[in-house]
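Before any comments, here is the structure.
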Amino acid sequence: IAATQPSTNWHLKENARDHHTSKFSSKELIVRRGQAFIVTFNGTEQPEQNLTFIAETGPKPSKLAKTQATFGISSTVSKESWSAVLQSTSSNSVSISIYSPPNAVIGRYKLSVQSTSSDSSSPASLGTFVLLFNPWSSGDDVFMPNRAECEEYVLEEFGIIFAGNKNHISSFGWNFGQFQGDILNICLSMLDRSLNYRQDPATDLSHRNDPKYLGRVLSAMVNANDDQGVLLGNWSGNYAGGKSPSSWTGSGEILQNWKKSGFKPVRYGQCWVFAAVLTTVLRCLGIPTRTITNFSSAHDADGNLRVDEFYDAYGNHLDRAADSVWNFHVWNESWFSRSDLGPSYSGWQVLDATPQEESGGIYQCGPASRNAIKEGDVDLDYDCPFVFAEVNADCMYWNYDPATGKKTLIFSKSTIIGQFISTKAVGRDDRVDVTNDYKYEEGSTKERDIFKKARKKLGLEDKFDPTAPTPQEIDQKPDISGKFRVAGPLEVGKDLSLILVLANLQSDAKTVHVNMTAWSTVYTRRPVHEIWKDSIPVILSPKEEKQFPIKIPYPEYHQQLTTDNTIQVTALCHVEGGIQVLVQRDITLDNPAIDIQVLGEAKVNKEVDVEVIFTNPIDMELMDCVLQVEGNDLLRGILEIDVPPLKASEKSSTKFKLIPFETGPKHLLVNFSCDKFAAIKTFKMVNVID
């Protein structure tokens, strides 16, 4: 090989097209494993058959750790190992096709070439390239046979995340942005900052061919617990010193901020932010991934498949148990095979980056096979009992007397946890319900059998549990029933109108004392501020139903509301001579609407005007109004516009210009916030033409 540095042509355009990596905006070659790519280089004076190539990754490459490969030119590719096949040769250049095995370690590689005929020559570097997972290749653990699903779960940069509560599902857009600017490099540096890498770099690198390993490591790295990871969680309702979790509109800003700060955790995240960032990182690396929202999601802290909630005599929800039931919780599913468990457990795997419980001593969760969850195989790796409880736990509601420490069961329910499990449709902006993929029909004998099977596998069937209610307590029948009915709009800025409906189920009159409270909460149903309370005596004639209207005016609740716009209303009914009855409802209030209009046709490299219209729905002035706009291929970075204060009922129109730089359907995301409304979000599809 000549002493001069060879010059390399990486055929960036053709290789990227063949490897589905054209969306990366990189000057470096990015390819997927288990598939050939073309390289041309010059400066060789040796016959081709005398050339040896070296591909290596990590600080201490070795053949043993599968982080170094040495291979010559052969007549055909080997499917099992790195190989090179001659494509063409001219007087001073050589074109070769390099093939990496489908189980190669992913990451940034250095490629060198060496002459085998002279011992003395040291290898000449051809440069670097990045190798990713390949869901389009049947030999890869992440192989996904359905092309449309590959497009959605690897290449799609826009997502929809579902939130709200089981009575009222809402959604918002998210910009995953996995192909933007420096995101790939940030994802790779995330791997090099993990605890596993710091403890033993060589072993960590040798496992980077395994999606279940990387999924688990990254579920730990996306939260800041243990390892100075990306996001610091905060569920207090007070987000001073950082950005409120509901104000983010995409992962790019979070990942860029993490890198810019010298890898200090970004403040603040909650479940959907952790899940969205993990989606970005895994899609970027080539592992098909989506976000999943579970409504009425159990956080079973003590592993007994039971969630205990406590209320005092006044109906206040006491924040005293480690267990909780969240209005919703967002996690991830990633698609890969489970050679460790067997083919029936391959497919979608649950990963959860939200720091809830430790697993193996650190805050990480998964991969738990979704099939194992459905079949109650909770003894399989990883963290199946926790995920099983999130969608299946039984709920116990207790009355707790802080003075005596005495607790009395009010009632138990086995059908409320894990409802309307949701994800975005493939290729459409719709909700798809995947509850049936997590469990058999609620209340069916099959579903109860699976629950018993899981309890048995966890050793809960045979063990006496002193905290469990007695069969007598569980079988008690209440004398009255109650429910809260909504009697008006559920919107921030409007009065909250409800009706408490109480019915006497018996044929003799009942005297009832009702204690009612309303608290603002975070979406995890943790009470934050008391908004309202009242007590009423009620006499119900035999079989009588009575209605009691409740009205909480906007001025009484607006200062107590958290950014989640959630209120929990509770009525604890003390029935003379009978057991207590708990009536409760979690209410999520909608923000007012905001409208985006694209004024004219959106064309590549041409200015187009966009107008955002918002009307102040309340009779108070809105201050500190800020509009935040982002959208891949429509604008670079995030546009922030200060909007003048808005008087009562005033309409504001904000105009700005876009210069789209790619054709196709693109999504524009808008977030409006002010002193009275947190994070009013909307998105619009913009079709960009040539």
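Under the UniProt record's numbering, the first residue of the sequence shown carries the number 1, and numbering increases by one thereafter. All C-beta atoms, glycine included, are put in the ideal place defined by N, C-alpha and C.
- Rounded to whole angstroms, the separation of the alpha carbons of K676 and P645 is 11 Å.
- Under the three-state reduction of DSSP output, G361 falls in the coil class, being neither helix nor strand.
- Contact between T511 and T562 does not hold, since the beta-carbon distance rounds to 37 Å and is not under 8 Å.
- Non-local beta-carbon contacts of G578 in its own chain, meaning distances under 6 Å to residues more than five positions away in sequence, involve D479 in chain order.
- In the DSSP assignment, K260 falls within the unbroken alpha helix (DSSP H) covering 251-260.
- Counting C-beta pairs closer than 8 Å gives fewer than three between the segment 234-245 and the segment 485-494, which falls short of the contact rule.
- Nearest to L285 by alpha-carbon distance, out of K446, I106, N327, S422, is I106.
- By the criterion of a C-beta distance shorter than 7 Å, V514 is surrounded in its chain by S535, I536, V538, A571, C573, once the five residues flanking it on both sides are discounted.
- For the segment 592-621, the full-length beta strand (DSSP E) segments reaching 3 residues or more read 595-599, 608-615 along the chain.
- I292 and Q349 have their alpha carbons spaced roughly 11 Å apart.
- Sorting V486, T408, A393 by C-alpha distance to the C-alpha of N399 places T408 at the top.
- In the DSSP assignment, F274 falls within the alpha helix (DSSP H) that extends over 271-285.
- At a cut-off of 4 residues, the continuous stretches assigned as alpha helix (DSSP H) that sit fully inside the segment 183-259 are 183-191, 195-199, 201-206, 211-221.
- Approximately 6 Å separates the beta-carbon atoms of L458 and P385; this is inside 8 Å, confirming the contact.
- Ranking I160, L64, Q87, V130 by CA distance to the CA of R431 puts I160 first.
- The residue among D619, D642, V670 with its C-alpha nearest the C-alpha of L635 is V670.
- Contact between F328 and G58 fails: their C-beta atoms lie close to 40 Å from each other, not under 8 Å.
- In the structure shown, the three-state DSSP call for C674 is coil.
- Restricting attention to W532, A55, N103, A275, the CA atom closest to the CA of E80 is found in N103.
- DSSP lists T521 as the beta-bridge partner residues of P527.
- E56: member of the beta strand (DSSP E) spanning 51-57, first to last residue.
- The C-beta distance from V575 to K483 rounds to 16 Å, too long to meet the 8 Å contact threshold.
- In the structure shown, N146 adopts coil according to DSSP, grouped into three states.
- Distance from the CA of D690 to the CA of R17, rounded to the nearest whole angstrom, comes to 20 Å.
- For D642, the enclosing beta strand (DSSP E) covers residues 639-643.
- Per the C-alpha coordinates, the member of S346, I410, I54, T467 positioned closest to S115 is I54.
- Residue nearest to K13 within the set P6, S7, Q5, F37 is F37 (criterion: CA-CA distance).
- Here DSSP, grouped into helix, strand and coil, assigns K666 to strand.
- Just so you know, the alpha carbons of G127 and N209 end up roughly 22 Å apart.
- Taken through DSSP and simplified to helix, strand or coil, T21 comes out as coil.
- One alpha carbon belongs to K666, the other to D633, and they sit about 7 Å apart.
- Following the DSSP letters along the chain, one finds V492 in no alpha helix (DSSP H), marked with neither H nor E.
- In the DSSP secondary-structure assignment, A84 is bridged to I73, I98.
- DSSP, read as helix, strand or coil, puts V391 in helix.
- Of the candidates V281, K166, S247, the residue whose Cα lies closest to the Cα of N223 is V281.
- The Cβ neighbour count for I680, taken over all protein chains shown within 10 Å, is at least 16; the residue is labelled buried.
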